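S.K.: With this note's numbering, letter number 35 in the sequence shown gets 15, and the count goes up by one each step, no holes. For reference, the structure I am asking about is given below.
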Amino acid sequence: MRRFATLGVLALAGVLLTVATFEAQDERVPLEVQDVADNLYMLANASSVQGMGGGGNTAIFVTDGGVVLVDTKINGYGQDIIAAVAEITDKPITTVINTHTHFDHSGGNTELPDTVDFVVHENTRAQMARPNCQPVTNCSAFQGANAKYLPQTTYSDRMSLFAGPDQVDLYHFGRGHTDGDTFIVFKEAKTMHTGDMFQRKGLPFIDVANGNGSATEFGSTLRKAVAGIPDVEIVMPGHNPTPVAWAEFVDFSGFYNDVVSKAQNGKAAGRSVDEVVAAYSVPDEYSDFAAPEQSLRTTVQYVFDGQ
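So this is what it looks like as C-alpha cells:
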C-alpha cells in the first residue's frame, strides 16, 4: 500500500454548529488532505481532532472532465472542500456522490455550485426529499430554494460513472447504516469509499430510527460487499483518520457478524440483553476493533428486537 502523505492542512475558525442527537461542534476543526493514489485524495479531520470534527471523510478524485467528490462533511465546510480542491487542481467540481443522507456526509452540498451533478442511491434521494425529518437525516437542507440541490442522478443496485482510468463504480447491497448506503469504488486506484457502512474500527452507529437502517441486515450487507466488490486494495472508511487495507474491511465484516451471531444465539437460548452484553468479549482475531458497552448494548437490543 502506498504511503499516505499529508499534502496540506486547512484550518478556519469561528462558528458554532449544534445538531440535535449528535455531538456539538464548538469551533471549526483543521482538515488534512491525504494522498491515497494517483489523482485520488482523502480530506479528513486532522489527526489531532477528536470525535466527529468536520464530519465524514471526503474523497477527492481528479478526472479528465473535472473533480468528483464523495461526501461533503457538515454544513459550513463547503468552502474548506473547495479550498482543498483548489490546492490540488484548477479543474471544477462537477460531481458529488453522497454515500447516504446524513448531515455529516451531505452538509456541504448546498455550499457547492448548483451545476454539480449530485448522485445517490434512490433511497437516499427519497430520504433527502422527506418533508419532515430529524436533523441527522438532513432533509431540511434541501427544502425551499435549496430543492435545486436534490440529486437528479440515482441508481438502484449498481451504476458506473465515466470510463477508462476515470471509472467510478457505485454499489448498493441492502440496508445497513441507512436504507440507501453506497459503496464507491475508484476502479483504477483499486480504492473504495464505504461511507458509514465502515465508519471506523469499532461497532457502528446504525440509524434505525430515522434512516431505516437495520442492525440485523447490516451484517449480510457487509458480506455481500465483501463477496461482490472485486479488486480493491485500499479502503476509505467513513470516519477513520486514515485509509486502511481491504483486509481490515473484511475483518470488520467478520467482527460485526460475530456480534450479531452471539446476540441471536443468546436470544435463542433464552438469555437477556444484559446477559449477552456481560458475556461478550471481542474475539482475539478482531482485537483491534472496539466494542464499547453502550454501543454493544444498542446493537444487541436492535438484534433482539429484529430491527
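Yeah, the Cβ is synthetic: ideal placement off N, Cα and C, and Gly gets one too. Treat the numbers as computed from the prediction; the structure is a model and nothing was measured.
#1: Taking a contact to mean a Cβ-Cβ separation below 8 Å, would you say Gly191 touches Thr162 in this structure?
#2: Should Gln107 be labelled buried (16 or more other beta-carbon atoms within 10 Å of its own) or exposed?
#3: Below 8 Å on the Cβ atoms is my contact criterion, and I expect Thr171 with Leu20 to pass it. Report the Cβ-Cβ distance as a whole number of Å.
#4: How is the beta strand (DSSP E) around Val215 delimited, first residue to last?
#5: Going straight from the alpha carbon of Ala271 to that of Lys204, what length do you get?
#6: Beta strand (DSSP E) containing Ile164: first to last residue?
#7: Give the secondary structure of Gln14 by DSSP, where H, G and I count as helix, E and B as strand, and everything else as coil.
#8: Could you check what DSSP says for Tyr282 in three-state terms: helix, strand or coil?
#9: Quick one: measure Cβ to Cβ for Val16 and Pro223, integer angstroms, because I've assumed they're closer than 8 Å.
#10: For Pro93, which residues of its own chain have a beta-carbon under 8 Å away from its beta-carbon, when the five flanking residues on both sides are left out?
#11: Grab me the residues of Gln119's own chain with a C-beta within less than 6 Å of its C-beta, minus the 5 sequence neighbours each way, in chain order.
#12: Give every residue of the same chain whose Cβ lies closer than 6 Å to the Cβ of Glu91, excluding the five residues on either side of it in the sequence, and list them in chain order.
#13: Kindly give me the distance between the Cβ atoms of Gly193 and Arg138, rounded to whole angstroms, as I take these residues to be in contact under 8 Å.
#14: Could you pull out every unbroken alpha helix (DSSP H) segment of at least 4 residues lying fully inside the stretch 101 to 134, listed in chain order?
#15: Alpha carbon to alpha carbon, what distance is there between Ile61 and Glu197?
#16: Please list, in chain order, all residues of the same chain as Gly35 whose beta carbon is under 7 Å from its beta carbon, the five residues on each side excluded.
#17: Roughly how many angstroms separate the alpha carbons of Phe185 and Ala225, rounded to a whole number?
#18: Closest by CA to Leu202, which one among Glu228, Val188 and Tyr129?
#19: Go to Phe41, then tell me how far its alpha helix (DSSP H) extends in each direction, as first and last residue.
#20: So the candidates are Arg277, Leu23 and Gly33; which of them puts its Cα closest to the Cα of Arg8?
M.R.: The structure says:
#1: Against the sequence shown, residue 191 aligns to sequence position 211. Against the sequence shown, residue 162 aligns to sequence position 182. The answer is no: Cβ separation not under 8 Å.
#2: For the purposes of this step, residue 107 is identified with residue 127 of the sequence shown, where counting begins at 1. With 16 or more other Cβ atoms within 10 Å, it is buried.
#3: Residue numbering aside, residue 171 sits at position 191 when the sequence shown is read from its first letter. Residue numbering aside, residue 20 sits at position 40 when the sequence shown is read from its first letter. Between Leu20 and Thr171 the Cβ distance is about 6 Å, and since that is below 8 Å, they are a contact.
#4: By one-based count along the sequence shown, residue 215 stands at place 235. Ile214 to Pro217 is the extent of the beta strand (DSSP E) around Val215.
#5: Position 291 of the sequence shown, counted from the first residue, corresponds to residue 271. Position 224 of the sequence shown, counted from the first residue, corresponds to residue 204. Each residue's Cα considered, the two are about 23 Å apart.
#6: One-based indexing of the sequence shown puts residue 164 at position 184. Run containing Ile164: Phe163 to Phe166, per the beta strand (DSSP E) assignment.
#7: For the purposes of this step, residue 14 is identified with residue 34 of the sequence shown, where counting begins at 1. Strand.
#8: By one-based count along the sequence shown, residue 282 stands at place 302. Three-state result, Tyr282: helix.
#9: Working through the sequence shown from its first residue, we reach residue 16 at position 36. Working through the sequence shown from its first residue, we reach residue 223 at position 243. Right, their Cβ atoms sit about 6 Å apart.
#10: Position 113 of the sequence shown, counted from the start, is the residue given in the question as residue 93. Cβ neighbours of Pro93 beyond the five flanking positions: Pro72 and Ile73.
#11: Here the question's residue 119 lines up with position 139 in the sequence shown. Residue 119 is actually Cys in this sequence, not Gln. Met108, Arg110 and Cys113, listed in sequence order.
#12: Indexing the sequence shown from 1 puts residue 91 at position 111. Here the set comprises Gly58.
#13: Residue mapping note: residue 193 aligns to position 213 of the sequence shown, counting from 1. Residue mapping note: residue 138 aligns to position 158 of the sequence shown, counting from 1. So it is not a contact: roughly 20 Å between Cβ atoms.
#14: 102 to 108
#15: Start at 1 with the first residue of the sequence shown, and residue 197 comes out as number 217. Start at 1 with the first residue of the sequence shown, and residue 61 comes out as number 81. Cα-Cα distance, rounded: 33 Å.
#16: Within the sequence shown, numbered from 1, the residue matching residue 35 stands at position 55. Taken in chain order, the residues that qualify are Lys53, Ile54, Tyr57, Asp84, His85 and Gly87.
#17: Against the sequence shown, residue 185 aligns to sequence position 205. Against the sequence shown, residue 225 aligns to sequence position 245. The alpha-carbon atoms of Phe185 and Ala225 are separated by roughly 22 Å.
#18: Against the sequence shown, residue 202 aligns to sequence position 222. Cα-wise, what sits closest to Leu202 is Glu228.
#19: Translated into the one-based positions of the sequence shown, residue 41 becomes position 61. Premise fails: Phe41 lies in the beta strand (DSSP E), Thr38 to Val42, not in any alpha helix (DSSP H).
#20: For the purposes of this step, residue 8 is taken as the residue at position 28 of the sequence shown. Measuring from the Cα of Arg8, the nearest candidate turns out to be Gly33.
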